[in-house]
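Below: one structure, written as structure tokens.
Protein chains in written order, with full-length UniProt numbering: chain A, 1 to 237; chain B, 1 to 263.
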């Protein structure tokens with residue numbers, strides 16, 4: 001068994017995680033349609049108290065608690081490819097590794113806030129709204145690590161100056177476009193309505209579509225690279 | 001791009017030309033990018049935390065709810081847009097942590113030191129900065145929120161901001177130990193002792209979890225002003241020393257060459 005075989009097994013965990021994330025996305029009633037930031041405290045409390053919603057909020061967020069951190073396995077496969085690049089120092093891989101824990105922990109925090117809001121929905125509506133606000137601002141606004149890791153990967157690809165680079169240059173350009181697409185969501189709290197609000201065009205639809213697109217494209221890129229690496233190792237043996 | 005070093009012309013005079021030249025030819029470009037990212041981040045951090053959001057110096061822990069609500073109203077847009085900037089650029093912290101971790105990779109010590117630093121500091125961003133930013137953003141989001149809830153967010157923000165100690169205590173200690181053990185002379189010995197000053201501030205700040213006024217409160221002369229002064233001196237010192245490290249870097253694994261004296 002070659003070392004890369006273990007990475008290929010980790011890689012095939014991704015479709016399973018992705019399936020779980022899709023299920024979570026459609027199971028959580030707060031996403032379809034996304035909850036409006038203009039809802040009053042009483043409306044938010046009523047949303048959590050609704051017997052149609054409450055079990056779906058809890059089950060989807062328990063699943064999110066289980067599987068959100070699964071993304072770390074995929075991000076680490078990208079780190080492994082960065083370490084194969086023709087760099088003089090491991091510094092870009094260190095940057096990416098730092099981001100790959102920094103980002104998911106924020107998703108995890110948002111998940112905890114949603115679960116806390118649903119724990120005692122009979123509580124004072126002001127408190128339910130507080131946890132709902134904390135969850136949405138954390139989930140939507142915390143794009144800093146995503147932006148940074150796209151930029152770090154792009155830099156790493158540009159600086160991978162060898163005859164046969166690990167990734168093609170379009171992967172770098174693609175990552176920069178994704179970084180630009182998720183960036184406006186950082187300003188989610190500046191508006192309760194319009195494209196920047198957490199149910200708005202930029203902060204919800206563009207941002208989440210960009211993340212989904214990034215996952216699909218990068219999964220294909222990493223999968224192809226891993227099988228190529230395996231073929232090279234077999235040929236060299 | 002494939003030009004041999006001896007054929008290379010000196011970098012052009014214009015700023016853009018110089019940046020382009022370094023991007024193509026400077027073998028230390030990946031280190032310089034991280035150094036500049038760190039410098040830009042600290043500038044931006046200062047502008048947002050001191051000028052836009054008015055979080056530094058911190059407002060008083062003894063204010064009543066009405067005064068706290070007024071503070072949020074006075075700084076409404078500064079808080080929301082300022083922390084939007086912080087949310088956007090938070091990932092840059094990874095580049096400075098990576099550069100500091102790299103300084104330990106260049107030392108004669110185990111890789112464990114670099115890995116500990118990356119691990120501790122990738123977790124530090126949340127309690128040390130982002131949690132404060134999230135709480136204050138949510139506090140500013142709805143001015144009509146129950147004042148008791150706003151007051152809780154206010155306390156939570158400033159206690160987390162000033163009172164996050166352990167990650168920096170352990171992180172600084174690990175860096176200090178690496179400097180003391182290093183035989184490659186990556187940093188001068190006095191920097192190890194400056195690390196002790198910085199980690200002591202994390203001890204001295206602890207009473208802010210108990211006192212609501214006086215020198216040890218979160219805006220007090222010791223818990224905030226002395227500690228921030230030490231932190232600023234420490235930060236300027238390591239930014240300067242990391243720059244010297246990059247200039248001296250020879251990509252070897254023996255002692256780092258000293259700077260040539262300019263005559």
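Even for Gly, the Cβ is constructed at its ideal location relative to N, Cα and C.
Beta-carbon proximity check, residue i vs residue j, cutoff 7 Å
{"i": "residue 139(B)", "j": "residue 153(B)", "result": "yes"}
{"i": "residue 207(A)", "j": "residue 185(A)", "result": "yes"}
{"i": "residue 44(B)", "j": "residue 183(A)", "result": "no"}
{"i": "residue 27(B)", "j": "residue 18(B)", "result": "no"}
{"i": "residue 212(B)", "j": "residue 61(B)", "result": "yes"}
{"i": "residue 274(B)", "j": "residue 102(A)", "result": "Absent from the model: residue 274(B). The displayed extent of chain B is 1 to 263, so no value can be given."}
{"i": "residue 222(B)", "j": "residue 216(B)", "result": "yes"}
{"i": "residue 128(A)", "j": "residue 18(A)", "result": "no"}
{"i": "residue 132(B)", "j": "residue 161(B)", "result": "yes"}
{"i": "residue 230(A)", "j": "residue 79(A)", "result": "no"}
{"i": "residue 192(B)", "j": "residue 179(B)", "result": "yes"}
{"i": "residue 172(B)", "j": "residue 199(B)", "result": "yes"}
{"i": "residue 209(B)", "j": "residue 190(A)", "result": "no"}
{"i": "residue 8(A)", "j": "residue 215(A)", "result": "no"}
{"i": "residue 143(B)", "j": "residue 65(B)", "result": "no"}
{"i": "residue 82(A)", "j": "residue 96(A)", "result": "yes"}
{"i": "residue 194(A)", "j": "residue 91(B)", "result": "no"}
{"i": "residue 138(A)", "j": "residue 188(A)", "result": "no"}
{"i": "residue 104(A)", "j": "residue 69(A)", "result": "yes"}
{"i": "residue 233(B)", "j": "residue 182(B)", "result": "no"}
Proximity winner among the options, relative to residue i (alpha-carbon distances)
{"i": "residue 196(B)", "options": "168(B), 80(B), 220(B)", "result": "168(B)"}
{"i": "residue 190(B)", "options": "237(B), 203(B), 255(B)", "result": "237(B)"}
{"i": "residue 56(B)", "options": "94(B), 129(B), 107(B)", "result": "129(B)"}
{"i": "residue 67(B)", "options": "186(B), 165(B), 151(B)", "result": "151(B)"}
{"i": "residue 247(B)", "options": "21(B), 15(B), 30(B)", "result": "30(B)"}
{"i": "residue 14(A)", "options": "233(A), 220(A), 58(A), 230(A)", "result": "220(A)"}
{"i": "residue 106(B)", "options": "233(B), 20(B), 185(B)", "result": "185(B)"}
{"i": "residue 156(A)", "options": "203(A), 232(A), 88(A)", "result": "88(A)"}
{"i": "residue 121(A)", "options": "43(A), 237(A), 16(A)", "result": "43(A)"}
{"i": "residue 115(A)", "options": "94(A), 65(A), 98(A)", "result": "65(A)"}
{"i": "residue 132(A)", "options": "55(A), 145(A), 36(A), 6(A)", "result": "36(A)"}
{"i": "residue 30(A)", "options": "110(A), 67(A), 11(A), 69(A)", "result": "110(A)"}
{"i": "residue 187(B)", "options": "149(B), 239(B), 226(B)", "result": "239(B)"}
{"i": "residue 39(B)", "options": "95(B), 54(B), 16(B)", "result": "95(B)"}
{"i": "residue 219(B)", "options": "111(B), 159(B), 118(B), 37(B)", "result": "159(B)"}
{"i": "residue 120(B)", "options": "134(B), 110(B), 98(B)", "result": "98(B)"}
{"i": "residue 200(A)", "options": "32(A), 1(A), 21(A)", "result": "32(A)"}
Closer than 6 Å: residue i CB and nearest the ligand GTP heavy atom
{"i": "residue 223(A)", "result": "Only the bare structure without any ligand can be found here, which leaves the ligand GTP out of the picture."}
Contact list for residue i against chain B, beta-carbon separation under 7 Å
{"i": "residue 186(A)", "result": "84, 87, 88"}
{"i": "residue 91(A)", "result": "30, 31, 34, 98, 99, 102"}
Which of helix, strand or coil DSSP assigns to residue i
{"i": "residue 31(A)", "result": "strand"}
{"i": "residue 70(B)", "result": "helix"}
{"i": "residue 166(A)", "result": "coil"}
{"i": "residue 22(A)", "result": "helix"}
{"i": "residue 255(B)", "result": "coil"}
{"i": "residue 13(B)", "result": "coil"}
{"i": "residue 4(B)", "result": "In this prediction, residue 4(B) scores a pLDDT of 44, lower than 50, which makes its location untrustworthy; the coordinate-derived value is nonetheless stated afterwards. If DSSP states are grouped into helix, strand and coil, residue 4(B) belongs with coil."}
{"i": "residue 195(B)", "result": "helix"}
{"i": "residue 138(B)", "result": "helix"}
{"i": "residue 120(A)", "result": "coil"}
{"i": "residue 90(A)", "result": "coil"}
{"i": "residue 202(B)", "result": "helix"}
{"i": "residue 219(A)", "result": "helix"}
{"i": "residue 208(A)", "result": "helix"}
{"i": "residue 189(B)", "result": "helix"}
{"i": "residue 217(B)", "result": "coil"}
{"i": "residue 39(B)", "result": "helix"}
{"i": "residue 239(A)", "result": "There is simply no residue 239(A) to check, as chain A begins at 1 and stops at 237 in what is shown."}
Proximal chain B residues relative to residue i, where beta-carbon distance stays under 9 Å
{"i": "residue 87(A)", "result": "30"}
Within chain A, partners of residue i - CB distance below 7 Å
{"i": "residue 95(B)", "result": "95"}
{"i": "residue 27(B)", "result": "88"}
{"i": "residue 239(B)", "result": "Neighbours of residue 239(B) on chain A: none; closest Cβ ~16 Å, over 7 Å."}
Contacts that residue i makes with chain B (C-beta to C-beta distance below 8 Å)
{"i": "residue 98(A)", "result": "93, 94, 97, 98, 118, 121, 122"}
{"i": "residue 189(A)", "result": "80, 83, 84, 137, 138, 140, 141"}
Contacts of residue i in chain A (Cβ-Cβ under 9 Å)
{"i": "residue 251(B)", "result": "88, 89"}
{"i": "residue 145(B)", "result": "41, 126, 129, 130, 133"}
{"i": "residue 105(B)", "result": "89, 90, 91, 94"}
{"i": "residue 210(B)", "result": "Near residue 210(B) there are no residues of chain A at all, since even the closest Cβ is about 26 Å away, more than 9 Å."}
Neighbouring residues, chain A, relative to residue i (Cβ below 8 Å)
{"i": "residue 149(B)", "result": "126, 127, 130"}
Per-residue contacts from residue i into chain E (C-beta, under 7 Å)
{"i": "residue 234(A)", "result": "Reference to chain E is not applicable here, since the protein chains of this structure are A and B."}
Next item on the list: May I ask you to list, following chain order, the residues of the region 143-160 of chain A that have a beta carbon less than 7 Å from some beta carbon of chain B?
Entry: Taking 7 Å as the Cβ-Cβ cut-off against chain B, the residues of the region 143-160 of chain A that qualify are 143, 144, 145, 147, 148, 149, 155, 159.
Check: Which residues, taken in chain order from the region 45-75 of chain B, show a beta carbon closer than 7 Å to some beta carbon of chain A?
Finding: none
Next item on the list: Give the residues from the region 153-176 of chain B that approach chain A closer than 7 Å (Cβ to any Cβ), ordered along the chain.
Entry: Those residues of the region 153-176 of chain B placed with their C-beta closer than 7 Å to a C-beta in chain A do not exist.
Notebook entry, point to check: Closer than 9 Å, Cβ to any Cβ of chain B: which residues of the region 199-219 of chain A, in chain order?
Noted result: none
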